[in-house]
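Residue numbers (the working numbering), protein chains in the order written: chain A, 1 to 329; chain B, 1001 to 1329.
Have a look at the structure below before the remarks.
There are 2 protein chains.
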Amino acid sequence: MTTRADIAKLAGVSESTVSYAISGRRSISEATKQRVMAAIEQTGYKANYAAAALASGAPRMVTILTANPFEAPPSQIDGALLDGIVTGVRESGSHSVIWPFSNDKNAEIEALIKLNFSGGVILMDVTDEDQRVHSLNRANIPFVILGRAKFDFAYNFVDRDFESVYKLGLEHLKELGHINIGVLATTSELNPYLKKVASALKLKLKVISVANTLIGGNALAKNFKQEHPEITGVISILDYVTTAFVDAAAQYGLSIPDELSIIGVNILEEQAESSNPKISTIAFNAYEMARSSGKIMVEVMAADKNVRKKKSELWVGDFVDRGSTRAIS
Amino acid sequence: MTTRADIAKLAGVSESTVSYAISGRRSISEATKQRVMAAIEQTGYKANYAAAALASGAPRMVTILTANPFEAPPSQIDGALLDGIVTGVRESGSHSVIWPFSNDKNAEIEALIKLNFSGGVILMDVTDEDQRVHSLNRANIPFVILGRAKFDFAYNFVDRDFESVYKLGLEHLKELGHINIGVLATTSELNPYLKKVASALKLKLKVISVANTLIGGNALAKNFKQEHPEITGVISILDYVTTAFVDAAAQYGLSIPDELSIIGVNILEEQAESSNPKISTIAFNAYEMARSSGKIMVEVMAADKNVRKKKSELWVGDFVDRGSTRAIS
DNA sequence: CTGTTAGCGCTTTCAG
DNA sequence: CTGAAAGCGCTAACAG
C-alpha cells in the first residue's frame, strides 16, 4: 500500500509537505505541489481515513439519522433535506454517511455511540423528549437536529424560520383585505410566532384543529361555511389537508379563492411551482436548510477541539433558522 | 478522554491485557477480565474506532450502496435486504453504514473510493456492466453484489438460487399435469436455468414478454386465452404483473386457478403468507440472503490481509446462492 | 516556503 | 495467562 512516505520519497520532499500539498493548510510552491500531485497520480495513492482521523483527533465524518424510507412512503422533503445535508457537510470538508434504519431506534443510537467513529450526528424526525437526543447529549457527542423538539437542555438545530414565514403569509392575507383568519393545525393551541405576528397586524386568528390527512381535509371542506362563516382567509401548514380541502371545496359550495383565500406554508420550492393555483404558497428551500445543518455540525466539531475557531460561514437563507449553539467542552 | 492506558492503570494490568479482555482474542483469567470490565464501566470508556482501524489495518466498516428510496417507491424487498445486511455484518463483528443516495452514482463511487475508509462495500441494484463495479474492481476494494450482472471479471455475489426455485416451480406444475408452460418475463430470451430444468422435466416453455407494471398485467389478461390457448400453467418472476393479471383475469373470462395455474417466484416470505391464494408462491427469505452477503464481505476483507483465514461461516439457506470468491491479494 | 518529529489510541507480535 | 514495545499512516506543532 502506498503511503505518504512513498509519495514524499518519489516527489523528493518531506512527508509533511505531501500532507500540506493535499490539504492546502499551508502555502506550497506551485512547483512542489505539481510534483507531489504527479507522484500521487502515478502511484494511485489513496489517503488512509483512519490514520487521518486518529492523528487529527477529530473524525471528519458525520452520521445522519433519518426515518426509515422503506417503512412508509418517504416525503419529498426528507429527500431534499438529505441531499442538502450531504452537500453541506461536504462543503465543510467532511463526509457523511447514513446510519442504517432500524425499528429499534434506541438500540441503534447506543450502537452508534459505542462505535465512537463519527465526529457528530445530524438527527431528523425528532420527537419531543426523543430518547436518542438524550443519549447523544449524555455521551457528549456533537449533534444537530433538523427541526425542533422540546428538551430540558440547549441543543443545536436548524429549522424553518416560521416567524418570517407567518409574517409573510399574514401580511399577504391582510393586503387582500382579510381580517378573520383560520389556522389549520393538528393542535388546538396557537403557534407563538403566529400569535405574535397576528397581534402586530391586528388580525383575528382562529385555530381549526384537524388531522393532517386527505380525509381530514375533505371533512373540513364539507362544513366549513357553516362552522366558520366569519373566516375569509386561511393559513395552513398541513399539506395533505390543504390539498384535499381545496379539491373538495367546490362540491360543497365553497368557492376558492373567491370566498376563501388560502396560503400553504409547508411546501418545497420545486413543488410550489407546480402547485394548485388556488392556493398561495410560501415555499422553502429544504436544500439550503439542510446544508446549513451540515455546516453547524462541522462548526460544533471544531469548537470541541478548541482550535480552528473559524468564523461561522453559515448561510442563513430565507425561512431558515438556526438555534443558538450549545456550549460543548 | 479515557483511553486504554487509563483503563489499564485503573485495573492494574497492562494495556494489551485490556485489549484482549475486550476483544477476547486470547484467554484471560476471569478475575482480571472482571477488573477490566469494572474499570471500563466506571470510566465510561469508549473504544476509538479510528485507532483500531489504523492499528489493525482492516477497517471494520462496510459501506452499503443502494438505490435512492426517495426517487421511486422503494420495494419491500430492498428494505428486507438492507435489514439482513446490517445484521449479517454485525454478526461478523463489523459495522455497516449506508452511503448517501445521489443522482450521480459514478461521482459517488469515486468519492467513496477516494475517502478510503470502508473495509468493503455491498452493492445493490446493480445493472450489467455497472460502472461502479468496474471502479471498485479497479480500486481493488473488496465488494459483494447482491444479485448478479454481467462483467468480464470474477466477483463476489449473493443471489437467489434460481435453479432450485425454478426446479421447484416446474416440478409442481408438472405434477398438476401441465405441459405447456408460459414464462412471464421482461425479456424475450429464456432464462438458462429455466431452460435447463424444463428440458430435464420435458416441459414446453414459451416466453411471454411483458413490462412489469400493473397495466402490463391487465393487458396480458385481456388477450391471454386467444393468444396462448395451449398454455395451462404459468411461472412468473414479475410481481406487479402477476398481481394485476390475476386480479383482472376473471373479468376477461379467464378462470384462475381452474383454467390456468400460476406460480409466482419473486416474493418475500412475509408477503407470500398474505398473498393472493390463487397464485402458488415460492417465497424467499431476503433477510437470510442479505445476511449471507455481510458474512462474505467480512471474509473477503480478512482474506485481503492474509491473516485470520478463519473457515467460512457462511450459511447458505434455501434459494440463496453464493458466487465463487474472486481471488484478492 | 519546507523539513523534522512527537505523538494520536489501538493491535499484535515477541517474550516471558 | 500476562507484559513490553513496535508500529499502523497521518497531523501539526516546532524549527528553520
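Glycine is no exception: its CB is placed at the ideal position from the N, C-alpha and C atoms.
**Item:** Pairwise C-alpha distance: V1133 of chain B and V183 of chain A
**Value:** Distance between the alpha carbons of V183 of chain A and V1133 of chain B is about 52 Å.
**Prompt:** Who are the near neighbours of A11 of chain A in its chain, counting only those whose CB is closer than 6 Å to its CB and skipping five residues on each side?
**Reply:** Only R35, V36 and A39 meet the Cβ criterion.
**Message:** Assuming L268 of chain A and Q76 of chain A are in contact, meaning their beta carbons sit under 8 Å apart, how far apart are those beta carbons, in whole angstroms?
**Reply:** Rounded, the Cβ-Cβ distance is 6 Å, consistent with contact.
**Asked** Between the beta-carbon of A51 of chain A and the beta-carbon of L1054 of chain B, is there less than 7 Å?
**Response** Yes.
**Message:** Assess contact between the stretch 158-171 of chain A and the stretch 97-104 of chain A, defined as three or more Cβ pairs (one per stretch) separated by less than 8 Å. Is contact present?
**Reply:** Flag = no, the stretch 158-171 of chain A and the stretch 97-104 of chain A do not touch.
**Message:** Just to confirm the assignment, what range does the alpha helix (DSSP H) spanning F162 of chain A have?
**Reply:** In the DSSP assignment, F162 of chain A falls within the unbroken alpha helix (DSSP H) covering F162 to E175.
**Item:** Beta carbon proximity, F1117 of chain B to chain A, threshold 7 Å
**Value:** Cβ-Cβ to chain A under 7 Å: yes for F1117 of chain B.
**Message:** Just list the residues that DSSP pairs S96 of chain A with in beta bridges.
**Reply:** The partner list for S96 of chain A (beta bridge, DSSP) reads A:V62.
**Message:** Among B:D1006, B:I1235 and B:S1029, whose alpha-carbon lies nearest the alpha-carbon of T1043 of chain B?
**Reply:** For T1043 of chain B, the nearest C-alpha among the options comes from B:D1006.
**Item:** Interface residues of chain A facing P1069 of chain B [CB-CB closer than 7 Å]
**Value:** Correct list: P69, F70 and P74.
**Request:** Give the residues of chain A in contact with K1150 of chain B, contact being defined as C-beta atoms less than 7 Å apart.
**Result:** Per Cβ cutoff of 7 Å: no residues; K1150 of chain B is ~26 Å from chain A at best.
**Prompt:** What are the residues of the stretch 163-175 of chain A that lie near chain B, defined by any Cβ-Cβ distance shorter than 9 Å?
**Reply:** Residues passing the 9 Å Cβ filter: none.
**Item:** CB of D1125 of chain B within 7 Å of CB of A1149 of chain B, strictly
**Value:** Taking a C-beta distance under 7 Å as the contact criterion, D1125 of chain B and A1149 of chain B do not qualify as a contact pair.
**Request:** Can you tell me which of the three DSSP states A1221 of chain B falls into?
**Result:** Reduced to three states, the DSSP call for A1221 of chain B is helix.
**Message:** Against V1097 of chain B, what residues of chain A qualify as contacts under a CB-to-CB distance less than 8 Å, listed in chain order?
**Reply:** Chain A residues near V1097 of chain B: T63, V97, I98, W99 and P100.
**Item:** Residues bridged to S1280 of chain B (per DSSP)
**Value:** Note: S1280 of chain B is bridge-paired with B:I1263 in the DSSP secondary-structure output.
**Asked** Is there at least one Cβ from chain A nearer than 7 Å to P1229 of chain B's Cβ?
**Response** At a cut-off of 7 Å between beta-carbon atoms, P1229 of chain B makes no contact with chain A.
**Bridge partner(s) assigned by DSSP for A1185 of chain B** = In DSSP, A1185 of chain B forms a bridge with B:S1209.
**Request:** Indicate the three-state DSSP secondary structure (helix, strand or coil) for S1056 of chain B in the structure shown.
**Result:** Under the three-state reduction of DSSP output, S1056 of chain B falls in the helix class.
**Prompt:** Excluding five sequence neighbours on each side, which residues of the same chain lie with their C-beta closer than 6 Å to the C-beta of Y1166 of chain B?
**Reply:** Spatial neighbours of Y1166 of chain B in its own chain (CB-CB distance under 6 Å, excluding positions within 5 residues in sequence) are listed in chain order as Y1193, L1194 and V1197.
**Request:** Assign G253 of chain A to one of three DSSP states: helix, strand, or coil.
**Result:** Assigned with DSSP and collapsed to three states, G253 of chain A falls in coil, not helix or strand.
**Asked** Quick one, which of B:D1258, B:T1187, B:I1141 and B:E1171 has its alpha-carbon nearest K1206 of chain B's?
**Response** Selected option, being the one with the closest Cα: B:T1187.
**Request:** Assess, as a yes-or-no matter, whether the stretch 1072-1088 of chain B is touched by the stretch 64-78 of chain A under the definition of 3 or more beta carbon pairs within less than 8 Å.
**Result:** Counting Cβ pairs under 8 Å, three or more are found: they touch.
**Prompt:** Going along the chain, which residues of the stretch 1036-1059 of chain B sit with their C-beta nearer than 7 Å to a C-beta in chain A?
**Reply:** Taking 7 Å as the cut-off between beta carbons, the residues of the stretch 1036-1059 of chain B near chain A are K1046, A1047, N1048, Y1049, A1050, A1051, A1053, L1054 and P1059, in sequence order.
**Message:** Quick test of the definition: if touching needs 3 or more C-beta pairs under 8 Å, does the stretch 1081-1093 of chain B touch the stretch 136-155 of chain A?
**Reply:** Look at the beta carbons and you see the stretch 1081-1093 of chain B not touching the stretch 136-155 of chain A: under three pairs across the two are nearer than 8 Å.
**Request:** Mind listing the chain A neighbours of D1128 of chain B? Cutoff is C-beta to C-beta under 8 Å, in chain order.
**Result:** Correct list: empty, because the minimum Cβ distance to chain A is about 25 Å.
**Prompt:** By DSSP, does D239 of chain A sit in helix, in strand, or in coil?
**Reply:** Residue state, collapsed to three classes: helix.
**Message:** For I7 of chain A, report the span of its alpha helix (DSSP H) as first-last.
**Reply:** For I7 of chain A, the enclosing alpha helix (DSSP H) starts and ends at R4 to A11.
**Item:** C-alpha gap between Q251 of chain A and A290 of chain A, whole angstroms
**Value:** About 40 Å.
**Request:** Measuring alpha carbon to alpha carbon, tell me which of A:R60, A:R4 and A:F245 ends up nearest S297 of chain A.
**Result:** Residue identity differs from the one stated: residue 297 of chain A is Met in this sequence, not Ser. Nearest option by C-alpha distance: A:R60.
**Request:** Pick helix, strand or coil for S245 of chain A, following the three-state DSSP scheme.
**Result:** A small fix is needed here, since residue 245 of chain A is Phe in this sequence, not Ser. Residue state, collapsed to three classes: helix.
**Message:** Between V1246 of chain B and chain A, is the shortest Cβ-Cβ distance under 7 Å, so that the two count as touching?
**Reply:** With 7 Å as the cut-off, V1246 of chain B does not count as an interface residue toward chain A.
**Prompt:** Under 7 Å, do V62 of chain A and S94 of chain A count as touching if we go by C-beta distance?
**Reply:** In contact: V62 of chain A and S94 of chain A (Cβ atoms closer than 7 Å).
**Item:** CB contact below 7 Å: L10 of chain A versus chain B
**Value:** Residue-level contact by beta carbon fails for L10 of chain A and chain B, as no gap is shorter than 7 Å.
**Request:** Using the Cα positions of D247 of chain A and N276 of chain A, report the straight-line distance between them to the nearest angstrom.
**Result:** Between the C-alpha atoms of D247 of chain A and N276 of chain A there is a straight-line separation of about 9 Å.
**Item:** Top-ranked residue by Cα proximity to E1288 of chain B, from B:V1234, B:L1201, B:E1175 and B:V1089
**Value:** The residue among B:V1234, B:L1201, B:E1175 and B:V1089 with its C-alpha nearest the C-alpha of E1288 of chain B is B:V1089.
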